[in-house]
Structure formats: C-alpha cells, structure tokens
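These notes are about the structure you will find just below.
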Amino acid sequence: MQEMIERLTEQVVRKRLKSYPAVALLGPRQCGKTTLAQSLDALYFDLETEADQIKLDAQWSQIATSERLIILDESQTMPALFPRLRSTIDQDRKRMGRFMLLGSVSPALMREVSESLAGRLALIELTPFLVQELPHHSIDDLWLYGGYPDGGILQADRFLRWQNDYLALLVQRDLPQWGLPAKPMTTQKLLRMTAALHGQSWNASQLGQSLGLNHQTVNSYMDYITGCFLVRLLEPYHANTRKRLVKSPKVFWRDSGVLHAVMQTQTLDELFAQPWVGASWEGFVIEQLINHLKAYDRVFTPYYLRTSDQHEIDLLLDFGSTLWAVEVKLTSSPDSDTARRLNKTADLVNADRRIIVSRTEETVITDAFVSTNLTGVLELLRTF
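790 is the number of the first residue of the sequence shown in the numbering used here; add one for each residue after it.
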C-alpha cells in the first residue's frame, strides 16, 4: 500500500476555506489534488463522470445548500456550473468554505473562473511531491524520478513507462479537449524540442522554423503547455542597470522526472553523464524553491536575470520589500569565484540576500551571503 503523505499545501487550503466562499485547487493531472480534497469532510463530485454531472444538475438546490464542503473535481468539464456557483454564493456572501473546485488548469477553466467568480474564489496551486513532504526519501531520487504520486519517487519501478503514458494522454486527449489546435505529432515534437531547451532562453521563432510554424502559433501552443503545468517560462527581471538585460524568458520543465523520461534517462549514473545535467539540477532546485514558497503561503514573484555580457542570476525572488538572489550549482564544493560573481551581479539589482544552493554539506552565513544545500535554503525560506 502506498504511504499517505501530508501535503504542505493542505494548510493553505484550510486557511483559504475560512476566508473565501470557494477555493480552486489547481495543478497538473494526477499530482494529488483529489487525494488532498477527499481528506476533507466533504461531498465529492467527479464531473468527468456523466452520473455525477446528472446528479449535480438535477439536485443542485439541495446540494448547494448543504452544510458540508462541496468538492467539484475537473470542474472545467461543466461550464454551465460557474454561473450557478456565482448565483448561489451571492445569495449568502458571508458564508465561507462552501465549494472547492479542482482543475487541471485548462484555459477554459481559468476563463470561467475569471469571468464568473472573481472576488469569490481563492486560487491555490498543488504540485507533485516536494522535498519537505518526503523527509525520509533521497533528494537525488526525487530529482531523478520526479514527484508524481503514481509514477515518480514512490513508484520508481514504473518510471519511464508511467511518464510516457502520462504525456501521451495529455497530447492525444487532454490538450485537444482544452482547445489546443495542434496535431498530436506536432505537440509531441514541440515537447521534445522544449525538453532539449530546458534551462535555456525561449525562442519561439527558432522553434517555429523547425516545426514549420510562425512564432505567434508556437507561442499560442506554448500557452497550453504551460497551462497544464508541464513547463514553466521563468520571466526575466527588469531593472535600470548599467548593463543591457536579456528580455526572453527561460524554459524549465516543471517535474524533473517527466523531463528525464522525455530525454530517456533512467538512472542517476546516466543523468550525471548528460551534458545537460547542470540545467536539470538547476530546474529542479528552482521548482522546489518556488513551490515550497507557495506552500508556505508567501507572496513573491520569481524571475531570473541575465545581462548581455553573460552575467546571470539563476533565480531572483522578489518579496516586495526584499529581493533575494539565488545561484544554483551542481557541486559539493562551491568556490570563491562563484560567490564573487554572484555578489557582483546581485549588486546590479541591489539584492538584499545572496544565496548559493549547491550539494554542499556545510552552511555558511555571513551578513547577506549564504552558501547552503537545498534542505538548508528551504528551511531558510520557511522561517524568514
């Protein structure tokens, strides 16, 4: 039997249910949304089943007035639901925690949410498993296999086969249902090319030439790919500096296990032999930092920074009142040159803290500078 894992995001969900009539828990398919939701005392409806759709439609008046939380799974499949939700909520705006919507973030769902439930609903993101949710598991295993409950670190014997089936389902069924007009073969090719660009600047024109598409079409396709949580486009930081800044976002696959499956890398030995292993580690660390901060309910915006003469900061965390500059290194012994380069580039944007995240076993803190490992920086982010 698979172990039950307490999700960090659950505390945010419970907090939002106390202050909003409705909460939407969004995230990729099969990341654990339904499991988390069913751990709450609630009435559950799977709107991908015709029976639950019919029941909800026919008995809406009785169901909507229930004292229990009502969970509506894959709510984007029932667009007519949203005006009903709005009307029901508006009849008693002071009553909180009535509805919980689960969705795989199709563009259709976000459009309905923004148009029908603005101001009535809190958006929360759930991801595959995070480092601090798996304290008894190896970080390297999580990096290699990824965090999906059914095909990642907890089910390593299914690795590659599960990820390939997962992507095939997205490409052949989900993305077309959500409105992606590309043929499945085109989508598959786009995914493979995007995986090869992991950690690099996004260039839609260059990809378009290989796919026989214009850059506007490639960008529109990528909206769907990012919308289902496969890929993150990390935006560049804009600031007035003495140097010209790169303005293109960087591409990162969000789950490292799915990335490794696309690149057909099955073991740590194979991973360390790849020329892109540093980019894989960088993306893994960046995703962990961003997603832990969201699970800690922090308000922030993530960026990266690169100047035209190749000075770079892998991750900038803008908390509004403070700015943290993070450099990610695949080494167990970061050298003084790394610290010097980070400080020099961080000075361009007046970063308040400068952090090197590596595979070191030591943590060094001097004034605004920190050198630590992934576990150390997560603890720093949790407690600051």
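Cβ coordinates follow ideal geometry from the N, Cα and C atoms, glycine included.
Model, not experiment: these values are computed from the prediction.
Checklist entry - Using DSSP with H/G/I as helix, E/B as strand and the rest coil, what is Gly908? => result Counting from 1 along the sequence shown, the entry for residue 908 is found at position 119. Of the three classes helix, strand and coil, the one that applies to Gly908 here is coil, per DSSP.
Next on the checklist: According to DSSP, simplified to helix, strand and coil, what is Ser1125?
Outcome noted: Reading the sequence shown from its first residue, position 336 is the one you call residue 1125. Looking at Ser1125 - three-state DSSP - the assignment turns out to be helix.
Next on the checklist: For a test of the three-state rule: what should DSSP assign to Ser1147, helix, strand or coil?
Outcome noted: As a working note, residue 1147 is residue 358 in the sequence shown. Three-state DSSP puts Ser1147 in a strand.
Item to check | Whole-Å CB distance - Val1051 paired with Ala957, under 8 Å assumed | outcome: In the sequence shown, counting from the first residue as 1, residue 1051 sits at position 262. In the sequence shown, counting from the first residue as 1, residue 957 sits at position 168. So it is not a contact: roughly 12 Å between Cβ atoms.
Checklist entry - Closest to His1100 by CA distance: which of Trp1065, Ser808, Ala1157 and Tyr1026 is it? => result By one-based count along the sequence shown, residue 1100 stands at place 311. Nearest of Trp1065, Ser808, Ala1157 and Tyr1026 to His1100, Cα basis: Tyr1026.
Checklist entry - Who are the near neighbours of Gly892 in its chain, counting only those whose CB is closer than 6 Å to its CB and skipping five residues on each side? => result Counting from 1 along the sequence shown, the entry for residue 892 is found at position 103. Leu815, Ser864, Gln865 and Leu898.
Checklist entry - Considering only residues of the same chain and omitting the five flanking positions on each side of Leu858, which have a CB-CB separation below 8 Å? => result Taking the sequence shown and counting its residues from 1, the one referred to as residue 858 is at position 69. Closer than 8 Å at the Cβ level, and outside the excluded window around Leu858, lie Leu806, Leu829, Asp830, Ala831, Leu832, Gly886, Arg887, Phe888 and Met889.
Checklist entry - First and last residue of the alpha helix (DSSP H) that includes Asn953? => result The residue given as residue 953 occupies position 164 in the sequence shown. Segment Arg950 to Leu958, the alpha helix (DSSP H) holding Asn953.
Checklist entry - Taking DSSP as the reference, what is the three-state secondary structure of Arg1142? => result As a first step, residue 1142 must be located in the sequence shown, where it is residue number 353. Residue state, collapsed to three classes: strand.
Checklist entry - Skipping 5 residues on each side, what residues in its chain have a beta carbon closer than 7 Å to that of Met867? => result Taking the first residue of the sequence shown as 1, we reach residue 867 at position 78. Leu836 and Gln842.
Checklist entry - So, helix, strand or coil for Gln800, using DSSP? => result Stepping through the sequence shown from its first residue, residue 800 is reached at position 11. In the structure shown, Gln800 sits in a helix (DSSP, three-state: H, G or I).
Checklist entry - How is Asp1103 classed by DSSP in three states: helix, strand or coil? => result Your numbering for residue 1103 matches position 314 in the sequence shown. If DSSP states are grouped into helix, strand and coil, Asp1103 belongs with the strands.
Next on the checklist: So, does the stretch 1080 to 1096 touch the stretch 906 to 925, judging by three or more C-beta pairs under 8 Å?
Outcome noted: yes
Item to check | Endpoints, the beta strand (DSSP E) within which Gly892 is located | outcome: As a position in the sequence shown, residue 892 is number 103, starting the count at 1. Counting along the chain, the beta strand (DSSP E) containing Gly892 begins and ends at Phe888 to Gly892.
Next on the checklist: Check this for me: beta carbons of Trp1070 and His987, under 8 Å apart or not?
Outcome noted: On the sequence shown, position 281 is the one that residue 1070 refers to. On the sequence shown, position 198 is the one that residue 987 refers to. No, the pair does not count as a contact, with Cβ atoms beyond the cut-off.
Item to check | DSSP-derived helix/strand/coil call for Tyr833 | outcome: Counted from its first residue, the sequence shown places residue 833 at position 44. Three-state result, Tyr833: strand.
Item to check | Minimum length 4: unbroken alpha helix (DSSP H) runs contained in the stretch 984 to 1011 | outcome: 993 to 1000
Next on the checklist: Going residue by residue through the stretch 912 to 937, where are the continuous alpha helix (DSSP H) segments of at least 4 residues, counting only ones entirely within it?
Outcome noted: 928 to 934
Next on the checklist: Whether or not the stretch 1048 to 1063 and the stretch 1107 to 1117 are in contact is what I'm after, with contact meaning three or more pairs of Cβ atoms, one per stretch, closer than 8 Å; do they touch?
Outcome noted: no
Checklist entry - Among residues of its own chain, excluding the 5 on either side of Ser1147, which ones have a beta-carbon nearer than 6 Å to its beta-carbon? => result The residue you call residue 1147 lines up with position 358 of the sequence shown. Within the same chain, Ser1147 has close Cβ partners Lys1118, Thr1120 and Pro1123.
Checklist entry - Measuring CA to CA, which of Glu1151, Leu1106, Trp967 and Ala826 is closest to Arg1142? => result Numbered from 1 along the sequence shown, position 353 holds the residue referred to as residue 1142. Nearest option by C-alpha distance: Leu1106.
Checklist entry - How many Å lie between Ala1157 and Thr975 at the Cα? => result Locating residue 1157 in the sequence shown gives position 368, where the first residue counts as 1. Locating residue 975 in the sequence shown gives position 186, where the first residue counts as 1. Their Cα atoms are separated by approximately 47 Å.
Checklist entry - How many angstroms separate the CA atom of Glu904 from the CA atom of Val812? => result Within the sequence shown, the letter at position 115 stands for residue 904. Within the sequence shown, the letter at position 23 stands for residue 812. Cα to Cα, Glu904 sits roughly 15 Å from Val812.
Next on the checklist: Let me check understanding here. Comparing Cα to Cα, which of Gly821, Tyr809 and Pro810 lies closest to Glu795?
Outcome noted: Numbered from 1 along the sequence shown, position 6 holds the residue referred to as residue 795. Comparing Cα positions, the closest option is Gly821.
Item to check | Proximity of Gly1046 and Phe948 at Cβ, strictly below 8 Å | outcome: As a position in the sequence shown, residue 1046 is number 257, starting the count at 1. As a position in the sequence shown, residue 948 is number 159, starting the count at 1. Yes. Within cutoff.
Checklist entry - Taking the alpha-carbon positions, what's the Ala869 to Val1020 distance? => result As a position in the sequence shown, residue 869 is number 80, starting the count at 1. As a position in the sequence shown, residue 1020 is number 231, starting the count at 1. Taking the straight line from one Cα to the other gives about 29 Å.
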